[in-house]
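Add 193 to the 1-based position in the sequence shown for the working numbering, that's all there is to it.
C-beta: ideal position from N, C-alpha, C; glycine also.
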Amino acid sequence: MKLLCGQMLGSLATWLRFMGFDTFYATDQMGDDELMQIAKDEDRFLITQDKELIFRARKRDILVISIYSTDLDEQLRSVISKMVVDIEQILSRCSLCNNHIIPIKKEEIKKRVPVKAYQNQSQFWLCHQCNKIYWRGSHCDQILKKILSFQKWVIISFYICFLHQKMQCLHILLEF
Ligand SMILES: [Zn+2]
Numbered sequence: 194m195k196l197l198c199g200q201m202l203g204s205l206a207t208w209l210r211f212m213g214f215d216t217f218y219a220t221d222q223m224g225d226d227e228l229m230q231i232a233k234d235e236d237r238f239l240i241t242q243d244k245e246l247i248f249r250a251r252k253r254d255i256l257v258i259s260i261y262s263t264d265l266d267e268q269l270r271s272v273i274s275k276m277v278v279d280i281e282q283i284l285s286r287c288s289l290c291n292n293h294i295i296p297i298k299k300e301e302i303k304k305r306v307p308v309k310a311y312q313n314q315s316q317f318w319l320c321h322q323c324n325k326i327y328w329r330g331s332h333c334d335q336i337l338k339k340i341l342s343f344q345k346w347v348i349i350s351f352y353i354c355f356l357h358q359k360m361q362c363l364h365i366l367l368e369f
């Protein structure tokens, strides 16, 4: 299921992208009508803390996830309680622009990453939309640990993983 985060929910949008959700993030220039139209046209859950927007969106039969807390973990729980996380999609998207990142040959990005990262890492990924390069640094460990702290969906995701016999995903996550 695709998502649309309203204004002031940038951190939440970033984390939902880390988790692999297709997440549109509203810019400051977008009005409520435009957001509702995008949610409707692209079949996205509208995630917002704006009570008036929640009311208007529901009247237009737009699926809404209401956010009541300013705490990021609470916000994430509000969304994840209504979603099934696809374990294969974790860290598959660019956190800046939502595009899928794809593997790139190490030698092609040599001049664009820190020397230490180049020496220590064997795999790199590129976002073709914004040109950002990703690798599994210590920040990835922190991201995965945080994601794993949400016990409820981890159990669901592990179950799905077993169902599809995607043992490779489990091996990655069990390291943490
Ligand atoms: Zn990008």
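Asked: Residue(s) in a DSSP beta bridge with cysteine 198; Found: Tyr218, Ile240
Asked: Residues with C-beta closer than 7 Å to any heavy atom of ligand 1, in chain order; Found: Cys287, Leu289, Cys290, Asn292, Cys320, Gln322, Cys323, Lys325
Asked: According to DSSP, residues forming a beta bridge with arginine 286; Found: His293
Asked: contact_flag[the region 298-311, the region 333-340] where n(CB pairs < 8 Å) is 3 or more; Found: no
Asked: Bridge partners - valine 257, DSSP secondary structure assignment; Found: Leu239
Asked: Between the CA atoms of leucine 284 and arginine 329 - distance to the nearest angstrom; Found: 10 Å
Asked: Residues that tryptophan 318 bridges to, as DSSP identifies them; Found: Pro296, Tyr327
Asked: Under 8 Å between C-beta atoms of arginine 383 and phenylalanine 343; Found: The question about residue 383 has no answer here: the residues shown for the chain are numbered 194 through 369.
Asked: Beta-carbon spacing of leucine 205, glutamine 268 below 8 Å; Found: yes
Asked: Endpoints, alpha helix (DSSP H) assigned at aspartate 279; Found: Counting along the chain, aspartate 279 falls outside any alpha helix (DSSP H), and DSSP gives it neither H nor E.
Asked: Any chain C beta carbon closer than 8 Å to cysteine 320; Found: The structure shown contains no chain C, having only a single protein chain.
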